[in-house]
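Structure, as structure tokens:
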Amino acid sequence: MSQQETLGFQAEVKQLLHLMIHSLYSNKEIFLRELVSNAADAADKLRYLALTDDSLYEGDGELRVRITTDKEKGTVTIDDNGIGMTREGVIEHLGTIAKSGTAEFFKNLSGDAAKDSQLIGQFGVGFYSAFIVADKVTVRTRAAGAKPDEAVQWESNGEGSFTVENIVKQNRGTEITLYLREDEKEFADDWRLKSIITKYSDHISIPVEMWQEGTAEHDGPDGEKIPATEGHWQVMNKATALWNRSKSEITDEEYQEFYKHISHDFSDPLLWSHNRVEGKQEYTSLLYIPAKAPWDLWNRDYKHGLKLFVQRVFIMDDAEQFMPSYLRFVKGLIDSNDLPLNVSREILQDNKVTQTLRSALTKRVLSMLEKLAQDDTEKYQQFWTEFGQVLKEGPAEDWSNKERIASLLRFASTHNDSATQDVSLDAYIERMKAGQTHIYYIVADSYQAAAHSPHLEQLRKKDVEVLLLSDRIDEWLISHLNEYKGKQLHSVTRGDLELGELEDADEKAEKEKLATESEPLVKRIKDALGDKVTDVRITTRLTDTPACVVVGEGEMSTQMIKLMQAAGQPVPEVKPIFEINPAHPLVKRLIDEQDESLFADWSNLLLQQSLLSEKGSLSDPSTFVSLVNKMLMDSVK
Numbered sequence: 122m123s124q125q126e127t128l129g130f131q132a133e134v135k136q137l138l139h140l141m142i143h144s145l146y147s148n149k150e151i152f153l154r155e156l157v158s159n160a161a162d163a164a165d166k167l168r169y170l171a172l173t174d175d176s177l178y179e180g181d182g183e184l185r186v187r188i189t190t191d192k193e194k195g196t197v198t199i200d201d202n203g204i205g206m207t208r209e210g211v212i213e214h215l216g217t218i219a220k221s222g223t224a225e226f227f228k229n230l231s232g233d234a235a236k237d238s239q240l241i242g243q244f245g246v247g248f249y250s251a252f253i254v255a256d257k258v259t260v261r262t263r264a265a266g267a268k269p270d271e272a273v274q275w276e277s278n279g280e281g282s283f284t285v286e287n288i289v290k291q292n293r294g295t296e297i298t299l300y301l302r303e304d305e306k307e308f309a310d311d312w313r314l315k316s317i318i319t320k321y322s323d324h325i326s327i328p329v330e331m332w333q334e335g336t337a338e339h340d341g342p343d344g345e346k347i348p349a350t351e352g353h354w355q356v357m358n359k360a361t362a363l364w365n366r367s368k369s370e371i372t373d374e375e376y377q378e379f380y381k382h383i384s385h386d387f388s389d390p391l392l393w394s395h396n397r398v399e400g401k402q403e404y405t406s407l408l409y410i411p412a413k414a415p416w417d418l419w420n421r422d423y424k425h426g427l428k429l430f431v432q433r434v435f436i437m438d439d440a441e442q443f444m445p446s447y448l449r450f451v452k453g454l455i456d457s458n459d460l461p462l463n464v465s466r467e468i469l470q471d472n473k474v475t476q477t478l479r480s481a482l483t484k485r486v487l488s489m490l491e492k493l494a495q496d497d498t499e500k501y502q503q504f505w506t507e508f509g510q511v512l513k514e515g516p517a518e519d520w521s522n523k524e525r526i527a528s529l530l531r532f533a534s535t536h537n538d539s540a541t542q543d544v545s546l547d548a549y550i551e552r553m554k555a556g557q558t559h560i561y562y563i564v565a566d567s568y569q570a571a572a573h574s575p576h577l578e579q580l581r582k583k584d585v586e587v588l589l590l591s592d593r594i595d596e597w598l599i600s601h602l603n604e605y606k607g608k609q610l611h612s613v614t615r616g617d618l619e620l621g622e623l624e625d626a627d628e629k630a631e632k633e634k635l636a637t638e639s640e641p642l643v644k645r646i647k648d649a650l651g652d653k654v655t656d657v658r659i660t661t662r663l664t665d666t667p668a669c670v671v672v673g674e675g676e677m678s679t680q681m682i683k684l685m686q687a688a689g690q691p692v693p694e695v696k697p698i699f700e701i702n703p704a705h706p707l708v709k710r711l712i713d714e715q716d717e718s719l720f721a722d723w724s725n726l727l728l729q730q731s732l733l734s735e736k737g738s739l740s741d742p743s744t745f746v747s748l749v750n751k752m753l754m755d756s757v758k
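Each step along the sequence shown adds one to the number in our numbering, with nothing skipped, and position 109 is 230.
This is the structure in structure tokens:
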């Protein structure tokens, strides 16, 4: 292997650096926060590995970050004695964005500096923020346990390439030197950097140190001689794990900065909960609900979970065992006194302590959301817009908390002329009509399709509210949520529309009369349609539409079939029930039609229209178009 080689940046990194160099961030000082944060992470990782291999400390177990400046050269150096990197690690982590979905990430860039800065923050590429203020960056690093001559130097001016060469470095860890641009030399000032550390990095659990110059011998205020002092490293932060401090001592700003440290999100969190539990189990949790969903929340490779500490020692990132999948947007940490320091992911999987903690943390998050929904509906709506579809996975995944999760769900409904999902099941129940026993809903491909479905006609006439569901996951949700607070959820597109006491005696008598009178028509349509339908019957659910299709009780719904087909799953053939509105002029036209061939065409036309309205598409659209054209031609003869 050559001592020095020049390599090109990954294409996505080039785009990212271009954004950085052209001042994507309006708040440039965050470069120091990001680099100090990375250094603290390197210290955490070394501390964890040293649990099983103490030699990695190399006789230096006092972990710290040191920051120095050189005004003449215009440089800032961030030096840590953490885990360090190998040559391969340097090329992987500093030359590529080592995360799946990079193309999707750049597709989401909008050109709006404020929005894009948040996106990059969520993407977790804090190292590259160095190029906001520097026109050259040098990284000198040696992995813990490696020999001094196995150290590596990485250098780049932030353009198309970087160089990597082997060097000698006596101490383990990473040293990053930023060569500041002419217009960014303010960051070579010690006082400027001290103020940034105090503002952004006070919560870092290892010391962040800066050199304090000594003083010469001098006279005191009373003329006495004050002896000279030597220069020394001065700790600039509290250097205590934030979550171990008392809540009364921590400001909102500190909580917010700690969130940015652990999440790499540049936005403030929506809310948080800091909780210490003592007794049978002892642990501390600090949980955050983000204000914005990460761009890759739905990515198959998206990693979620809490940071795990055991007795204040960092163990792992993304410990997914402590939070169910439907709460994967939650960020934060748990520090347990009841787990062994050498705990692994495999041990966590089936550990009783883990299961107890998972249950407690799940309830904690649900309580946070319940309180938010009660105290601040506007803020809760903001949460729902970002994470509502994820929360809808809950009833299927978490049976023990199903009703609590259901109370947090929000839907569009006929109560509002808006696609906004802001109606809770509790609010729906409060507005139920006297005698109403069901929660009515409809699932469709879009809000517009649901809101204008013919299945709503009779319910609209009676001013009965219907939930309008149009998210892809809604059919899956409803299949696991068939009841809430003793009220059955009933689809208006399934089987008989059960109105119960909403239908008076006169209406029931009229319905029976229509059924008797329409028996000959129903039989003719059955004969005309043959095996295209399961059954034909009259309906009173329609007022302005001639016909519709429904599925029978126990049959797979149209939306579930679409969901399974989209997932590549085989689905059974489901033939619809065809319902006709005998009061509609087109159906009355059928009654008078004596030509059986023409009668069959009209019956098929109404069926195809109903299927199109229900499914949004037809399996054979060309035949339908031909039939429509034929009927149009017949009508103008």
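For each residue, glycine too, the CB sits at the ideal point set by N, CA and C.
Remember, it's a predicted structure, so these values are computed and weren't measured experimentally.
With a cut-off of 8 Å on the beta carbons, I'd call residue i and residue j a contact; round off their distance for me.
i, j, result
"Trp419", "Tyr409", "Wrong, their Cβ atoms sit about 20 Å apart, outside the cutoff."
"Ser731", "Ala649", "Wrong, their Cβ atoms sit about 14 Å apart, outside the cutoff."
"Thr295", "Met206", "7 Å"
"Ser519", "Pro445", "What sits at residue 519 in the sequence shown is Asp, not Ser. So it is a contact: roughly 6 Å between Cβ atoms."
"Lys653", "Lys696", "7 Å"
"Ile594", "Lys683", "Rounded, the Cβ-Cβ distance is 12 Å, inconsistent with contact."
"His576", "Arg662", "6 Å"
"Arg571", "Leu590", "For the sequence presented, residue 571 should be read as Ala rather than Arg. Correct: roughly 7 Å between the Cβ atoms."
"Leu391", "Lys290", "The Cβ separation is near 43 Å, so there is no contact."
"Asp656", "Ile698", "5 Å"
How long is the line joining the alpha carbons of residue i and residue j, rounded to whole angstroms?
i, j, result
"Pro693", "Lys634", "36 Å"
"Val749", "Gly453", "60 Å"
"Val197", "Gln333", "15 Å"
"Glu578", "Phe745", "25 Å"
"Ala412", "Ala636", "55 Å"
"Ala235", "Gln274", "Any reading at Ala235 must be qualified, since the residue scores a pLDDT of 49, below 50, and its modelled position is unreliable; the value itself is stated next. Computed Cα separation, rounded: 33 Å."
"Asp584", "Leu739", "32 Å"
"Gln125", "Gly266", "22 Å"
"Lys135", "Ser574", "49 Å"
"Arg384", "Ile297", "In the sequence as displayed, the identity of residue 384 is Ser instead of Arg. Rounded to the nearest angstrom, the two C-alpha atoms are 22 Å apart."
"Gly352", "Arg485", "48 Å"
"Gly509", "Trp364", "28 Å"
"Asn458", "Ile325", "21 Å"
"Ala540", "Arg313", "49 Å"
"Asp323", "Ala362", "10 Å"
"Ala548", "Glu307", "56 Å"
"Ala414", "Phe450", "7 Å"
"Tyr447", "Leu460", "25 Å"
The beta strand (DSSP E) that contains residue i, what's its start and end?
i, result
"Ala255", "Ala255 to Arg263"
"Arg187", "Val186 to Asp191"
"Ala668", "Ala668 to Val671"
"Gln125", "Gln125 to Gly129"
"Val431", "Leu427 to Val431"
"Asn287", "Ser282 to Ile288"
"Thr405", "Tyr404 to Ile410"
Which residues bound the alpha helix (DSSP H) around residue i?
i, result
"His559", "Not the alpha helix (DSSP H): His559 falls in the beta strand (DSSP E), residues His559 to Val564."
"Lys632", "Ala626 to Glu638"
"Gln730", "Glu717 to Lys736"
"Leu469", "Arg466 to Gln470"
Find out if the Cβ-Cβ distance for the pair residue i, residue j is shorter than 8 Å.
i, j, result
"Ile204", "Val186", "no"
"Thr190", "Asp304", "no"
"Arg154", "Tyr300", "no"
"Ile646", "Pro667", "no"
"Asp175", "Asn202", "no"
"Ser250", "Phe379", "no"
"Gln476", "Trp505", "no"
"Ser545", "Ser534", "no"
"Lys582", "Thr664", "yes"
"Ser678", "Glu596", "yes"
Taking only beta-carbon positions, decide if residue i is within less than 8 Å of chain B.
i, result
"Glu209", "Annotation note: the requested chain B is absent from the structure, which comprises a single protein chain."
(message) Across the segment 155 to 162 and the segment 423 to 433, are there enough close Cβ pairs to call them in contact, namely three or more that are closer than 8 Å?
(response) Segments in contact, no.
(message) I want to know whether the segment 363 to 376 touches the segment 463 to 473 - three or more CB-CB distances under 8 Å.
(response) no
(request) Give a yes or no on contact between the segment 275 to 291 and the segment 128 to 139, applying the rule of three or more CB pairs nearer than 8 Å. (result) yes
(message) With three or more beta-carbon pairs closer than 8 Å as the criterion, would you say the segment 675 to 693 touches the segment 707 to 723?
(response) no
(message) Three Cβ pairs or more, each shorter than 8 Å: is that satisfied between the segment 605 to 614 and the segment 566 to 573?
(response) no
(request) Please confirm if the segment 546 to 557 is in contact with the segment 617 to 628, defined as three or more CB-CB distances below 8 Å between the two stretches. (result) By the criterion of at least three beta-carbon pairs nearer than 8 Å, the segment 546 to 557 is in contact with the segment 617 to 628.
(message) For the segment 672 to 688 against the segment 608 to 616, do three or more pairs of beta-carbon atoms, one drawn from each stretch, fall closer than 8 Å, so that the two count as touching?
(response) yes
(request) Decide yes or no for the touch test of the segment 163 to 173 against the segment 246 to 259: beta carbon pairs closer than 8 Å, at least 3 of them. (result) no
(message) Between the segment 353 to 361 and the segment 324 to 333, can you find at least three pairs of beta-carbon atoms closer than 8 Å?
(response) yes
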